[in-house]
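Visitor:
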Amino acid sequence: MLLLWLRALCRRFQHVPCRVPSCQVSRVAKANRAGWEETSKSSVKWRQLEHKGPYFTPAYEPLPDGVHFLYD
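End of the sequence shown = 212 in this note's numbering, gap-free, step of one.
Quick look at the structure:
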């Protein structure tokens, strides 16, 4: 029974390639790199950059003495 199942499984995946050929990998890698490159070097991207300063959290206020905190 197991042998028949393995034979059917092998037939099903017979036409699936095991790995991508190296020539196709290089084409994909080149296409991905080309999308990140700038088309024109002289274009202005920013005219002004606004920064509102650092954000500080509010001061810590401890719990009153009568309140107990439960941990899991």
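Beta carbons: idealized from backbone N, C-alpha and C, even for Gly. This one's a predicted model, so the numbers in the text were calculated from it and none came from an experiment.
Measure the alpha-carbon distance for Leu-143 versus Leu-149 and round it to whole angstroms.
Guide: On the sequence shown, position 3 is the one that residue 143 refers to. On the sequence shown, position 9 is the one that residue 149 refers to. Their Cα atoms are separated by approximately 10 Å.
Visitor: Between which two residues does the alpha helix (DSSP H) harbouring Ala-199 extend?
Guide: Residue 199 sits at position 59 when you count from the first residue of the sequence shown. That residue, Ala-199, is in no alpha helix (DSSP H); it is neither H nor E in DSSP.
Visitor: Please report the distance separating the alpha-carbon of Gly-193 from that of Phe-153.
Guide: What you label residue 193 is simply residue 53 of the sequence shown in a count that begins at 1. What you label residue 153 is simply residue 13 of the sequence shown in a count that begins at 1. So the two alpha carbons sit approximately 59 Å from each other.
Visitor: In angstroms with no decimal places, state the Cα-to-Cα distance between Tyr-195 and Asp-205.
Guide: Your numbering for residue 195 matches position 55 in the sequence shown. Your numbering for residue 205 matches position 65 in the sequence shown. Near 30 Å, if we compare the C-alpha coordinates of Asp-205 and Tyr-195.
Visitor: From Gly-183 to Thr-197, what distance separates their C-alpha atoms?
Guide: On the sequence shown, position 43 is the one that residue 183 refers to. On the sequence shown, position 57 is the one that residue 197 refers to. Note on identity: in this sequence residue 183 is Ser, with Gly being the wrong assignment. Using only the alpha carbons, I get a separation of about 39 Å.
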